[in-house]
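Before any comments, here is the structure.
In UniProt numbering, the protein residues as written are 1 to 549.
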């Protein structure tokens with residue numbers, strides 16, 4: 001946490017602000033306190049969403065539902081003003097730290113702590129789903145550890161964000177290592193998706209990394225859809241139940257009610273002494289620091305200082321890591337790239353492990369990959385328990401193709417951008433004649449469709465007179481699956497007897513678009529049609545356009 005600066009408000013609603021907890025995809029989060037002394041986390045919506053009336057409606061609806069969520073294992077939404085400028089909401093502040101931080105600092109959980117965590121998460125999902133919400137982004141950084149058990153944060157709000165403009169700018173909610181297959185493929189997402197994420201969170205707590213290892217985003221998404229989870233290191237008594245949570249078919253996963261019943265059979269729920277000594281001490285330090293926070297000069301205690309662990313591997317799937325809306329930590333820890341230290345020890349139930357029952361809670365679904373030849377190559381060191389052969393790195397591009405068709409609104413922007421310079425043919429490959437003019441037959445508005453390995457796009461291209469080096473037009477390409485539209489300006493770079501070459505520059509809000517510097521070749525045919533080809537690392541986008549009258 002850091003002190004307020006001149007640009008920060010001193011008060012939001014009835015809450016006096018004490019400091020900045022962080023900022024992320026939704027907005028800035030402050031630590032606040034009301035006149036009665038209650039401490040809250042105040043989340044203020046970021047400016048570019050303020051003017052979006054559709055977002056306000058959705059946000060208001062989701063906040064209203066979130067305020068109905070109760071229970072001991074959620075950080076409640078206490079107050080909100082969706083009509084304010086900017087809108088804001090206040091949640092209960094938990095003077096704890098996230099599961100992601102805890103595992104990085106103290107290592108994987110012992111079985112007794114894992115059981116308390118599992119019970120708490122099941123209860124939290126029961127409360128969230130009973131209010132008519134789904135979380136959509138349950139992951140280690142959204143689980144806070146408190147003296148009386150785990151607390152789930154940011155429930156309900158993900159839906160409001162995902163259904164708003166954030167989707168059209170490419171910041172889709174979800175973390176690759178904890179997304180369910182239906183999130184990846186674009187299928188209907190429901191409460192069963194949260195159960196899948198719960199299983200992934202438990203694997204992380206038990207082993208130090210998620211159920212699908214670590215690696216590039218494309219690899220992670222492939223594993224989520226096609227590969228079985230890695231459960232080595234998960235306690236035997238919990239392994240069958242966690243495996244059931246991670247079933248590919250949503251119908252095969254247990255409900256939160258079934259989870260709670262199954263966990264109670266394994267061990268009765270208890271929260272006494274669930275945190276090990278070092279973690280208990282840290283939580284206590286944060287609670288004490290909170291009491292002293294606004295006495296005297298602002299001096300952030302060590303226990304409340306944001307940790308320098310924000311190494312999020314979510315560059316494409318979601319925005320900059322959302323700050324913990326209800327925690328004393330402003331940073332976050334990468335959920336699937338953690339140095340594993342010694343497990344938490346001691347506590348009841350930490351003795352010999354008995355084999356648990358097998359759980360068959362619905363039809364099992366076998367998602368076989370379309371072809372082993374299309375499996376992504378591993379470009380990061382594999383998890384210790386992974387086996388198998390490495391495949392050429394080029395295959396990863398094929399995986400992008402397979403996944404992007406299913407993802408729709410997802411785009412592999414950072415992955416593609418990194419390789420564009422090495423693989424895209426540029427206008428520099430074709431010598432340009434200085435002063436060459438754009439031939440008259442190209443001038444005008446052209447419309448049509450083009451395809452690449454990702455899908456089909458509607459193309460609108462307008463060209464006007466100019467010479468090599470001039471901007472001679474504008475174009476848009478709109479994906480028919482995702483509805484994503486990319487606007488470009490076009491610069492003439494070469495004129496040849498049978499074609500012209502253009503270089504694209506993104507125009508306006510580029511969002512998910514990856515067209516910067518893309519090379520387009522055009523040829524007018526005797527029948528008056530125009531061949532259109534844009535080069536790209538995922539294959540050429542090719543089609544035929546016709547001139548509008």
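Glycine included, every Cβ here is placed at the ideal spot set by N, Cα and C.
Check: Residue 114 and residue 206 closer than 8 Å at C-beta; Outcome: yes
Check: Pairwise C-alpha distance: residue 43 and residue 464; Outcome: 48 Å
Check: Supposed close pair residue 225, residue 181 - CB separation, criterion 8 Å; Outcome: 5 Å
Check: CB-CB length for residue 229 against residue 203, believed under 8 Å; Outcome: 7 Å
Check: Opening and closing residue of the beta strand (DSSP E) in which residue 33 lies; Outcome: 27–33
Check: Residue of 439, 528, 183, 516 minimising C-alpha distance to residue 534; Outcome: 516
Check: Alpha-carbon to alpha-carbon, residue 546 and residue 550; Outcome: There is no way to answer for residue 550, as the model of the chain reaches only from 1 to 549.
Check: Same chain, Cβ closer than 8 Å to residue 73, neighbours up to 5 away in sequence not counted; Outcome: 120, 121, 123, 124, 127, 149, 150, 151, 152
Check: Simplified DSSP state of residue 59, which is helix, strand or coil; Outcome: helix
Check: Burial state of residue 184, where buried means 16 or more other Cβ atoms lie within 10 Å; Outcome: buried
Check: Counterpart residues of residue 79 in DSSP-defined beta bridges; Outcome: 90
Check: Terminal residues of the alpha helix (DSSP H) in which residue 504 lies; Outcome: Residue 504 -> not in any alpha helix (DSSP H); beta strand (DSSP E) instead, spanning 499–506.
Check: Boundaries (first-last residue) of the alpha helix (DSSP H) holding residue 637; Outcome: Residue 637 is absent from the model: the chain starts at 1 and stops at 549.
Check: Local conformation of residue 112 per DSSP, three classes; Outcome: helix
Check: Enclosing alpha helix (DSSP H) for residue 222 [first to last residue]; Outcome: 217–226
Check: Any 3 or more C-beta pairs closer than 8 Å across the region 99–118 and the region 66–86; Outcome: no
Check: Rounded C-alpha distance that separates residue 3 from residue 31; Outcome: 10 Å
Check: Sequence-distant residues of its chain with Cβ nearer than 7 Å to residue 196 (five each side left out); Outcome: 180, 245, 246, 253
Check: Closest by C-alpha distance to residue 37, when choosing among 498, 92, 480, 53; Outcome: 92
Check: Three-state class that DSSP yields for residue 198 in the structure shown; Outcome: helix
Check: Exposure label - residue 79; buried when at least 16 CB within 10 Å; Outcome: buried
Check: Reduced DSSP secondary structure (H/G/I, E/B, other) of residue 557; Outcome: Given a span of 1 to 549 for the chain in the structure shown, any question on residue 557 remains unanswerable.
Check: Backbone CA spacing between residue 548 and residue 459 [nearest angstrom]; Outcome: 12 Å
Check: Straight-line gap, residue 77 to residue 249 (C-alpha atoms, nearest Å); Outcome: 32 Å
Check: Close Cβ partners of residue 5 (< 6 Å) along its chain, the five nearest in sequence each way excluded; Outcome: none
Check: Endpoints, alpha helix (DSSP H) assigned at residue 106; Outcome: 99–106
Check: CA nearest to the CA of residue 279, picked from 532, 83, 100, 138; Outcome: 100
Check: Nearest neighbour of residue 489, chosen from 479, 473, 497, 223 [CA to CA]; Outcome: 473
Check: Three-state secondary structure assigned by DSSP to residue 519; Outcome: strand
Check: Local Cβ density within 10 Å of residue 282, reported as buried at 16 or more and exposed below that; Outcome: buried
Check: Residues near residue 235 in its chain [Cβ-Cβ closer than 8 Å; skip 5 each side]; Outcome: 111, 114, 206, 353
Check: Cβ distance (whole Å) where residue 231 is taken to contact residue 138 below 8 Å; Outcome: Not confirmed; about 18 Å, so no contact.
Check: Cutoff 6 Å; reference residue 520; Cβ partners in own chain excluding five residues on either side; Outcome: 502, 534
Check: Secondary structure of residue 545, DSSP reduced to three states; Outcome: strand
Check: Residue 477 (DSSP reduced to helix, strand or coil); Outcome: strand
Check: Own chain, CB closer than 8 Å to residue 305, minus 5 neighbours either side, in chain order; Outcome: Here the model assigns residue 305 a pLDDT of 34, short of 50, so the residue's position is not dependable, and the following value carries that caveat. Same-chain partners within the cutoff: 1.
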